[in-house]
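**Student:**
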Amino acid sequence: MTPLQIVFLLVSIVTIFSAILVVSLQKIFHAALWLIVTLMGVAILFVLLEASFFAAVQILVYIGAIAIILIFAIMLTRNIMSDEEIQSNRSWGLVLLLVLVFAVIFINQLSQSAIFNSILYPLEVQGQDNIMAFGQGLLDPAGFALPFELASLLLLAALVGGVYLAMDKKGGEAK
Amino acid sequence: MIPLSWYLIVAAVLFSVGMFGAISRKNAIAILISIELMLNAVNINILAFWHYHSQTLGYTDLHGMVFAAIVIMAAAAEVAIGLALIIAVYRQRKTVVASEVNALKG
Amino acid sequence: MLNQWLYIGIFFIVALFLPFVAIFLARILSPKKPTKIKNSVYECGMETYKPTWIQFKIQYYLYGLVFLIFDVEIVFLFPFAVAYNKLALFAVVEAIIFILILLVGYLYIWRKDALSWQ
Amino acid sequence: MKILEFLSDPIIVIQEWIIQLFTNWGVTQEWQTFLLYLIGSAILGTSALLITLVLIWAERKIIGRLQDRLGPNRIGPWGIFQPVADMLKIFIKEHIIPDEVDPIPYHIAPIISVASVLLMWAIVPFSDNVRGSDLNVAILFLLGVGGLGELGVILAGWGSNNKYSMLAAFRASAQMISYEVPMAIVLLIVVILSGSMSLGDIVSSQNIANIFLLPLGALIFFIASIAENGRAPFDLAEAESELVAGFNMEYSGLKFGMFYVADFLRAFTSSVIFASIFLGGWRGPGAEQIPILGFFYLLIKSTIIWFIGVWIRGSMPRFRVDQMMAITWKFLTPLSLALLIVIAFVNKLLANSSQLIQVVVFLIINFVLFYIGFLISNKLINEKVRMEVSSHKRVLAQPTNIFTQPNSGG
Chain A
22 MTPLQIVFLL VSIVTIFSAI LVVSLQKIFH AALWLIVTLM GVAILFVLLE ASFFAAVQIL
82 VYIGAIAIIL IFAIMLTRNI MSDEEIQSNR SWGLVLLLVL VFAVIFINQL SQSAIFNSIL
142 YPLEVQGQDN IMAFGQGLLD PAGFALPFEL ASLLLLAALV GGVYLAMDKK GGEAK
Chain B
5 MIPLSWYLIV AAVLFSVGMF GAISRKNAIA ILISIELMLN AVNINILAFW HYHSQTLGYT
65 DLHGMVFAAI VIMAAAAEVA IGLALIIAVY RQRKTVVASE VNALKG
Chain C
5 MLNQWLYIGI FFIVALFLPF VAIFLARILS PKKPTKIKNS VYECGMETYK PTWIQFKIQY
65 YLYGLVFLIF DVEIVFLFPF AVAYNKLALF AVVEAIIFIL ILLVGYLYIW RKDALSWQ
Chain D
484 MKILEFLSDP IIVIQEWIIQ LFTNWGVTQE WQTFLLYLIG SAILGTSALL ITLVLIWAER
544 KIIGRLQDRL GPNRIGPWGI FQPVADMLKI FIKEHIIPDE VDPIPYHIAP IISVASVLLM
604 WAIVPFSDNV RGSDLNVAIL FLLGVGGLGE LGVILAGWGS NNKYSMLAAF RASAQMISYE
664 VPMAIVLLIV VILSGSMSLG DIVSSQNIAN IFLLPLGALI FFIASIAENG RAPFDLAEAE
724 SELVAGFNME YSGLKFGMFY VADFLRAFTS SVIFASIFLG GWRGPGAEQI PILGFFYLLI
784 KSTIIWFIGV WIRGSMPRFR VDQMMAITWK FLTPLSLALL IVIAFVNKLL ANSSQLIQVV
844 VFLIINFVLF YIGFLISNKL INEKVRMEVS SHKRVLAQPT NIFTQPNSGG
């Protein structure tokens with residue numbers, strides 16, 4: 022066991038443990054807090070994969086923005102769904118069984134793959150060059166310029182649609 | 005020095021946990037949170053394969069990075085719209101329980 | 005690169021550890037004489053009225069939403085900024101189009117008055 | 484000769500000495516790195532926390548002088564030991580934990596608040612080769628750590644089980660996320676100019692300090708960082724009159740002290756970041772040859788910025804919450820976006836021209852944009868006033884209004 026492997030195991034155990042808490046806790050606010058721990062764990066996994074940019078994006082976008090607006094939304098819809106109620110469907114046992122079967126099949130299928138057992142080594146391209154190549158590729162007309170612009174359209178739709186849906190409309194309040 | 009398989013297994017387990025949450029939770033926001041978990045698991049997978057391809061190619065493989073970026077953008081858009089929908093429904097019907105939103109039920 | 009992150013990780017643990025130790029020491033040093041009155045919630049000087057977890061303004065969510073979209077947009081412009089010196093003018097124009105597309109949405113929500121505190 | 488070398492670059496000399504020591508003890512390479520990092524971060528973190536003592540004293544003294552008071556003047560010469568006495572007092576104060584707090588968020592929040600400030604020190608370059616971590620995504624890391632600060636505020640507000648804390652926490656976090664947008668856009672422009680996201684590269688690429696290229700950007704960044712730190716005139720989260728005392732009202736003893744420390748330290752930390760990004764950090768005459776000079780240059784530059792911040796704090800009244808939100812969303816964000824678009828375009832056109840032309844053109848762009856933005860915002864402000872006079876009806880507390888009539892007495 023190298024130190025890197027120990028770090029990986031610790032982080033992934035924490036990540037999965039907190040993910041299980043996220044889907045099972047009664048208090049939805051606490052679930053959101055454990056979600057932040059999970060996201061942090063995933064960010065560390067990205068670091069171990071040498072995707073520094075995505076680790077930083079994970080912290081910035083997921084923890085700094087998505088988790089915060091999830092908490093905002095939880096507060097906004099607060100007083101109806103009280104935490105004393107059962108938060109799961111009646112058939113959660115069946116779902117658990119199905120998901121377990123799914124996970125077993127999934128991992129089994131993965132292990133059939135030829136590259137499943139290959140080892141990951143440190144990359145040759147380091148530091149700023151990785152991000153620079155990414156930036157060049159994103160804006161290269163022969164590369165990924167079109168998906169990049171389309172992503173902007175997606176964000177535009179999300180912005181306009183989200184604001185339109187969430188805003189108070191005059192007289193639209195259900196009494 | 006970490007095998008690719010470890011990342012894949014962690015991602016698979018995380019995905020399954022997220023799927024369990026997405027199916028079994030009643031609160032719509034909790035369902036969204038579970039979907040976030042699933043998307044994160046997908047991203048771990050993508051970046052693990054990105055690393056593998058970059059190391060075999062010897063230069064930075066762009067497909068993986070762009071894919072991961074698009075997944076993050078889609079996740080952000082999904083959360084924005086999803087929460088806005090939940091809030092709009094909440095304002096109309098005073099509920100966030102997904103199965104109680106049944107206006108179209110025959 | 006992993007070394008740099010290792011430093012950040014160690015620093016994070018140290019940064020969590022230092023205030024924790026300080027608070028822990030203070031807990032040991034300080035007196036502990038809790039009483040019912042002392043431990044009641046202060047709030048605004050009156051007795052607490054109704055449960056705390058009240059509902060909040062929609063405005064907070066709107067700001068959060070606009071922030072989220074802009075954050076994602078800006079984050080994915082950072083690779084463009086790093087590669088700026090190696091890009092042609094055309095690529096820069098593409099990035100500007102990327103921003104302008106979002107500015108349309110910004111103008112829309114501005115006209116809708118979603119950005120002003122109500 | 485040895486002494487001169489030590490004086491010119493003490494940290495590297497000490498580091499080499501420690502490495503020598505470890506090698507003699509037979510410590511392996513990996514453990515050496517680990518231990519060095521541990522020692523380095525412990526020293527950096529502790530000294531950052533200890534600086535706070537001086538900062539608190541200096542700020543109280545300066546604010547006192549600005550407001551025609553004496554400030555702390557009892558303990559020691561010029562009251563310089565006042566913060567030490569305060570610290571001792573707060574250390575032995577009782578921790579009152581209200582009964583119905585949510586324990587985990589309540590106890591974690593002060594720790595996260597302090598950690599989010601300390602973490603920024605991990606990437607600051609102190610001289611040419613003395614720095615914590617040369618992260619290649621340092622700028623994104625800075626913004627991300629800001630998000631961690633928001634988390635601390637929300638946890639504190641939630642954990643306290645108190646309506647006003649909660650309200651203050653939500654206001655504070657809405658304010659922080661709103662001001663993060665113009666800040667991130669300005670950082671994007673800086674990255675365009677220096678071609679790297681690492682803070683070390685940004686500092687060493689500044690042959691002309693960025694403030695001369697981007698005076699408007701620096702101004703936006705400065706305002707945004709004041710607002711993100713929640714200091715006056717943007718200290719809405721602590722508005723005594725509206726929100727009692729802010730998100731930290733149910734805290735006592737050292738837990739409250741931690742928020743206090745985080746507040747004062749964050750002000751200085753963000754001026755260090757400002758000095759690194761816009762004023763050329765450790766760079767100055769002779770700093771390459773004698774690294775210790777770079778450290779002093781950084782200290783002087785950031786102290787000046789910090790002093791301006793304290794000055795503003797001492798002399799400006801507080802903004803209203805709607806004004807504060809309007810400033811970021813209707814003034815700073817469009818302005819910084821316009822600056823980004825124009826700079827990105829013009830810089831590409833000017834790629835082959837001389838540096839002088841570049842500086843002059845950039846200055847002109849900055850001032851023109853600022854002037855246009857100012858004109859437009861003035862117009863908007865006037866419109867706003869007209870709108871408010873004829874705004875829709877509100878429920879007012881009048882004797883004739885049945886909605887606000889009290890049922891009995893008070």
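Chains as they are written, first to last, in this note's numbering: chain A, 22 to 196; chain B, 5 to 110; chain C, 5 to 122; chain D, 484 to 893.
By construction, the Cβ of each residue, glycine as well, lies at the ideal position given by its N, Cα and C atoms.
Does the distance from the CB of Leu81 (chain C) to the CB of Leu671 (chain D) come in under 8 Å?
**Tutor:** Yes.
**Student:** Within the same chain, show all residues whose beta-carbon is closer than 8 Å to that of Leu87 (chain B), passing over the 5 residues directly before and after it, in chain order.
**Tutor:** Ile33, Leu36.
**Student:** Thinking C-alpha only, which one of B:Leu108, B:Val101, B:Asn106 is nearest Ile49 (chain A)?
**Tutor:** Checking every option, the nearest Cα to that of Ile49 (chain A) belongs to B:Val101.
**Student:** What residue range does the alpha helix (DSSP H) around Ser677 (chain D) cover?
**Tutor:** Taken as a continuous stretch (DSSP letters only), the alpha helix (DSSP H) holding Ser677 (chain D) covers 646 to 677.
**Student:** CB-CB under 7 Å to Pro800 (chain D), same chain, minus the five flanking residues each way: which ones, in chain order?
**Tutor:** Around Pro800 (chain D): Pro716.
**Student:** Write down every uninterrupted run of the alpha helix (DSSP H) in the segment 139 to 177 of chain A whose length is 4 residues or greater and which is fully enclosed by it, in chain order.
**Tutor:** Whole alpha helix (DSSP H) segments, 4+ residues: 149 to 160.
**Student:** Quick one: give me the first and last residue of the alpha helix (DSSP H) that Glu77 (chain C) is part of.
**Tutor:** Per DSSP, Glu77 (chain C) belongs to the alpha helix (DSSP H) from 62 to 79.
**Student:** At a CB-CB cut-off below 9 Å, which residues of chain E make contact with Ile152 (chain A)?
**Tutor:** The displayed structure is made up of protein chains A, B, C and D, and chain E is not among them.
**Student:** Are there 16 or more other CB atoms within 10 angstroms of the CB of Ala135 (chain A), so buried, or fewer, so exposed?
**Tutor:** Ala135 (chain A) should be labelled exposed.
**Student:** Can you name the residues of chain B whose CB is closer than 9 Å to the CB of Ala163 (chain A)?
**Tutor:** Those within 9 Å of Ala163 (chain A) in chain B number zero; the least Cβ separation is about 11 Å.
**Student:** So Ile783 (chain D) packs on Ser754 (chain D), CB below 8 Å; how close in whole Å?
**Tutor:** Between Ser754 (chain D) and Ile783 (chain D) the Cβ distance is about 11 Å, and since that is not below 8 Å, they are no contact.
**Student:** Report whether the distance from the Cβ of Ser661 (chain D) to the nearest heavy atom of the ligand FMN is below 7 Å.
**Tutor:** For the ligand FMN, the structure offers nothing, since it holds no ligand at all.
**Student:** Look up Glu733 (chain D) in the DSSP assignment and say whether it is helix, strand or coil.
**Tutor:** Glu733 (chain D): coil per DSSP, three-state reduction.
**Student:** Do Met732 (chain D) and Ser596 (chain D) have their C-beta atoms closer together than 8 Å?
**Tutor:** No, the Cβ-Cβ distance between Met732 (chain D) and Ser596 (chain D) is not below 8 Å.
**Student:** Can you tell me whether Arg749 (chain D) is helix, strand or coil according to DSSP?
**Tutor:** Helix at Arg749 (chain D).
**Student:** Given this structure, state the Cα-to-Cα distance separating Leu10 (chain C) from Ala605 (chain D), to the nearest angstrom.
**Tutor:** Roughly 11 Å between the two C-alpha positions.
**Student:** Can you tell me the Cβ-Cβ gap for Leu175 (chain A) and Leu89 (chain B), rounded? I've got them flagged as a contact below 8 Å.
**Tutor:** Contact doesn't hold; Cβ gap of about 16 Å is too wide.
**Student:** Cβ atoms of Phe742 (chain D) and Thr535 (chain D): under 8 Å apart, would you say?
**Tutor:** Against a cut-off of 8 Å, the Cβ pair of Phe742 (chain D) and Thr535 (chain D) comes out as no contact.
**Student:** So what's Arg97 (chain B) in DSSP terms, helix, strand or just coil?
**Tutor:** Arg97 (chain B): helix per DSSP, three-state reduction.
**Student:** What do you get for Ser103 (chain B), buried or exposed, if any count of 16 or more other CB atoms within 10 angstroms of its CB means buried?
**Tutor:** The residue is exposed, with fewer than 16 neighbouring Cβ atoms inside 10 Å.
**Student:** Over the uninterrupted alpha helix (DSSP H) stretch that includes Trp641 (chain D), give me the two end residues.
**Tutor:** First-last of the alpha helix (DSSP H) with Trp641 (chain D): 621 to 642.
**Student:** Let's see if you can read the secondary structure: which residues bound the alpha helix (DSSP H) around Ile502 (chain D)?
**Tutor:** Ile502 (chain D) -> alpha helix (DSSP H) spans 493 to 508.
**Student:** So, is the C-beta of Met77 (chain B) closer than 8 Å to a C-beta in chain C?
**Tutor:** Cβ-Cβ to chain C under 8 Å: yes for Met77 (chain B).
**Student:** If we ignore side chains and look at the alpha-carbon of each, how far apart do Met102 (chain A) and Trp121 (chain C) end up?
**Tutor:** Residue placement at Met102 (chain A) is poorly supported in this model, since its pLDDT is 44, which falls under 50; the coordinates still yield a value, given next. Rounded to whole angstroms, Met102 (chain A) to Trp121 (chain C) spans 27 Å at the Cα level.
**Student:** Just grab the DSSP bridge partners of Ser109 (chain A) for me.
**Tutor:** Ser109 (chain A) pairs with B:Arg29.
**Student:** Check each candidate in B:Ala107, B:Ile85, B:Ala73 and name the one with the smallest Cα separation from Phe165 (chain A).
**Tutor:** Among B:Ala107, B:Ile85, B:Ala73, the Cα nearest to that of Phe165 (chain A) belongs to B:Ala73.
**Student:** If you draw a straight line from the C-alpha of Ala40 (chain A) to the C-alpha of Val21 (chain B), how long is it?
**Tutor:** Taking the straight line from one Cα to the other gives about 7 Å.
**Student:** Spatial neighbours of Gln79 (chain A) within its chain, please: C-beta separation below 8 Å, excluding the five flanking residues on both sides.
**Tutor:** Excluding residues within five positions, the ones whose Cβ falls inside 8 Å are Leu60, Val63, Ala64, Phe67.
**Student:** Mind listing the chain A neighbours of Leu671 (chain D)? Cutoff is C-beta to C-beta under 9 Å, in chain order.
**Tutor:** Simply none; closest approach about 12 Å.
**Student:** Do you know offhand how far Thr39 (chain C)'s Cα is from Pro581 (chain D)'s?
**Tutor:** If I take the Cα positions, the gap works out to 10 Å.
**Student:** Measure from the alpha carbon of Leu8 (chain B) to the alpha carbon of each residue in A:Ala77, A:Asn138, A:Phe155, then state which is nearest.
**Tutor:** Leu8 (chain B) has its Cα closest to that of A:Asn138, out of A:Ala77, A:Asn138, A:Phe155.
**Student:** Examine the Cβ distances between the segment 749 to 768 of chain D and the segment 511 to 529 of chain D and report whether three or more of them are shorter than 8 Å.
**Tutor:** Not touching, per the Cβ criterion.
**Student:** Suppose you measure from the CA of Arg95 (chain B) to the CA of Ala80 (chain B); what does that come to, to the nearest Å?
**Tutor:** C-alpha separation (whole angstroms): 23 Å.
**Student:** Consult DSSP for Arg614 (chain D) and reduce its assignment to one of helix, strand or coil.
**Tutor:** Arg614 (chain D) falls in the strand class under three-state DSSP.
**Student:** Beta carbons nearer than 9 Å to chain C: which residues of the segment 49 to 82 of chain A have them?
**Tutor:** Residues passing the 9 Å Cβ filter: Phe50, Ile65, Val68, Leu69, Glu71, Ser73, Phe74, Ala76, Ala77, Val78, Leu81, Val82.
**Student:** What residues of chain A sit near Val79 (chain C), judged by a beta carbon separation below 7 Å?
**Tutor:** The contacting residues are Val78, Leu81, Val82.
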